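Sequential numbering from 48 applies to the sequence shown in the working numbering.
Here a beta-carbon is modelled for each residue, glycine too, at the ideal position from N, C-alpha and C.
Everything numeric in this text was worked out from a predicted model, so none of it was measured.
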Amino acid sequence: MTPAGNEAMNDYRLAPMIGFEMELCLATVRIVMGGILKDCPNLKFIIGHMGGAIPYLVERIENCFRAYPECKVNIQGSPKNYLKKIYLDAVSFHLPALMCAYAFCGADHMLFASDMPYDSEFGERYTRQTIHSIEQMNISDSEKKKIFEDNARELLRLPI
48 MTPAGNEAMN DYRLAPMIGF EMELCLATVR IVMGGILKDC PNLKFIIGHM GGAIPYLVER
108 IENCFRAYPE CKVNIQGSPK NYLKKIYLDA VSFHLPALMC AYAFCGADHM LFASDMPYDS
168 EFGERYTRQT IHSIEQMNIS DSEKKKIFED NARELLRLPI
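Structure (structure tokens):
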């Protein structure tokens with residue numbers, strides 16, 4: 048569905064192109080700024096689409112927190128520290144984007160296919176492309192294993 052209240056995304060299929068990611072980013076930052084992760088420090092979130100634009104915008108979020116008093120109403124500490132506790136789904140076909148997410152949160156907070164492509168027509172192809180992209184990351188095999196399975200097993204308390 049097109050993000051609510053945003054008719055500008057009706058053209059050119061902008062909702063699936065960029066709208067979902069922008070809406071996800073907005074919701075995630077609202078969760079942080081609203082103090083939910085401060086009040087519930089053990090709460091775990093897995094955010095799809097590599098966190099939307101969060102890895103790319105994290106320093107801007109941090110700068111605005113320092114600049115605007117209204118950002119400090121519900122949290123006193125760095126929003127970056129809260130955002131780094133969130134797990135990101137590692138579905139991407141663009142290696143620089145994956146590496147940006149990795150630079151933001153590290154392999155310990157990335158999960159493969161937690162947002163399994165729901166479109167049956169493209170799901171299998173997207174899954175193969177994602178596997179290939181993660182395999183191409185310039186990180187250790189042990190970090191790739193964390194992304195592919197270890198993090199999900201630990202987070203979801205699954206047997207080894």
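- Measuring C-alpha to C-alpha distances from Y173 to each of A114, L205, H96 identifies H96 as the nearest.
- T75 sits away from I93, with the two beta carbons spaced by 7 Å or more.
- Between I83 and F67, the alpha-carbon positions lie close to 22 Å from each other.
- In the three-state reduction of the DSSP assignment, Y115 falls in the coil class.
- Every unbroken stretch of the alpha helix (DSSP H) spanning 4 or more residues and falling wholly within the stretch 89 to 152 is given here in chain order: 101 to 114, 126 to 130, 142 to 152.
- Burial is judged here by how many other beta carbons sit within 10 angstroms of a residue's own beta carbon; V138 has at least 16 and is buried.
- Here H156 is not near Y129, since their CB atoms are 7 Å or more apart.
- In the structure shown, L205 adopts coil according to DSSP, grouped into three states.
- In the DSSP assignment, M80 falls within the alpha helix (DSSP H) that extends over 67 to 80.
- For S125, same chain residues with a beta-carbon under 8 Å away, outside a window of 5 residues either side, are E109, F112 in chain order.
- About 6 Å separates the beta carbon of C152 from that of K131, a gap short enough to meet the 8 Å contact definition.
- Straight-line measurement puts the Cα of R77 at about 21 Å from the Cα of E54.
- Taking the Cα of L203 as reference, the smallest distance to any Cα among K191, L158, E182 is reached at L158.
- About 19 Å separates the CB atoms of C118 and M69; that is not less than 8 Å, and the two are not in contact.
- DSSP places M184 outside both helix and strand once states are collapsed to three, so it counts as coil.
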